[in-house]
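Worksheet: one structure, shown below.
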Amino acid sequence: MIENLKSVGFVQDVAVQIGQHVHLPSLRHHHKRYFNTDVPGDFVVSERDEALPMVAWGRRLGSAVNDMRAAKGYVSQMAKSKEELEKLGFCSTWITERDWTEKVIPSFKMHRQEFGHCIVKSDFKVPSMADQSVGNAHWADWN
Numbered sequence: 000m001i002e003n004l005k006s007v008g009f010v011q012d013v014a015v016q017i018g019q020h021v022h023l024p025s026l027r028h029h030h031k032r033y034f035n036t037d038v039p040g041d042f043v044v045s046e047r048d049e050a051l052p053m054v055a056w057g058r059r060l061g062s063a064v065n066d067m068r069a070a071k072g073y074v075s076q077m078a079k080s081k082e083e084l085e086k087l088g089f090c091s092t093w094i095t096e097r098d099w100t101e102k103v104i105p106s107f108k109m110h111r112q113e114f115g116h117c118i119v120k121s122d123f124k125v126p127s128m129a130d131q132s133v134g135n136a137h138w139a140d141w142n
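See the structure below:
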């Protein structure tokens, strides 16, 4: 019976099918164009983009990527595509979470090291890398 269904193109796991024919090609294209897979939440795949399969045109890739990060569906797709997603540098954490971990916390640590506390004034500006007295890579990420 399953062979009969397969012979007429029946798809058992729609998420994997969409992932293979819509999301992965779109993510590859986004990575090629923008050098990352940090797709904005409102990003929609361009209509008539010849570099992508027609089935991907007009799809809300940003929304799908957000759902992937939030583990709302697409679990089987992500498991099946794990290796390729890793090659693309797909990060399952939110950009804001990564910014917190990679920029905010290190900046608080540096501020504490420089000033002895973490009470940051509202007008404080993170110094640029040109300021050799600070010399921490995390400061430059904010400029």
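The C-terminal residue of the sequence shown carries number 142 in numbering that gives the first Met the number 0, and the numbering is unbroken.
All residues carry an ideal CB built from backbone N, CA and C; glycine is no exception.
Inset, instruction - State the DSSP-derived secondary structure class of GLY40, mapped to helix, strand or coil. - result: Correct three-state label for GLY40: coil.
Legend entry - Assigned secondary structure, PRO24 (DSSP; H/G/I helix, E/B strand, else coil): Correct three-state label for PRO24: helix.
Legend entry - Assigned exposure category for TYR73 - 16 Cβ within 10 Å defines buried: TYR73 should be labelled buried.
Legend entry - The alpha helix (DSSP H) enclosing ILE118, as first and last residue numbers: No alpha helix (DSSP H) contains ILE118, which DSSP labels as neither H nor E.
Legend entry - Nonlocal neighbours in the same chain, by C-beta distance under 6 angstroms from GLN76, ignoring five residues either side: ALA14, VAL15 and GLY18, listed in sequence order.
Inset, instruction - Could you tell me the boundaries of the alpha helix (DSSP H) in which PRO11 lies? - result: Residue identity check: residue 11 is Gln in the sequence provided, not Pro. Bounds of any alpha helix (DSSP H) do not take in GLN11, whose DSSP letter is neither H nor E.
Inset, instruction - Work out the CA separation of GLU101 and ALA63 for me, nearest whole Å. - result: Whole-angstrom Cα-Cα distance: 24 angstroms.
Legend entry - Close-in-space but distant-in-sequence residues of the same chain around VAL10 (CB under 8 angstroms, 5 per side omitted): Setting aside the 5 residues that flank it on each side, VAL10 is surrounded in the same chain by GLN16, each with a C-beta closer than 8 angstroms to its C-beta; the list follows chain order.
Inset, instruction - Count the C-beta pairs between the stretch 100-114 and the stretch 40-49 that are closer than 8 angstroms, then say yes if the count reaches three, no if not. - result: No, because fewer than three Cβ pairs between the stretch 100-114 and the stretch 40-49 fall closer than 8 angstroms, the two stretches do not touch.
Legend entry - Rounded C-alpha distance that separates LEU51 from ASN3: Each residue's alpha carbon lies about 30 angstroms from the other.
Legend entry - Cβ shell of PHE89 (< 6 angstroms), same chain only, five flanking positions each side left out: For PHE89, where only same-chain residues beyond five positions count, the Cβ hits under 6 angstroms are THR36.
Inset, instruction - Less than 8 angstroms between the CB atoms is what I'm expecting for SER80 and ALA55, so what's the real figure, rounded? - result: The C-beta distance from SER80 to ALA55 rounds to 15 angstroms, too long to fall under 8 angstroms, and the pair is not in contact.
Legend entry - Same chain only: Cβ atoms within 6 angstroms of HIS29, ignoring 5 sequence neighbours per side: The residues are VAL38.
Legend entry - For ARG27 and LEU167, believed in contact at Cβ under 8 angstroms, the rounded distance: The chain is shown only over 0 to 142; residue 167 falls outside these bounds and no answer can be derived.
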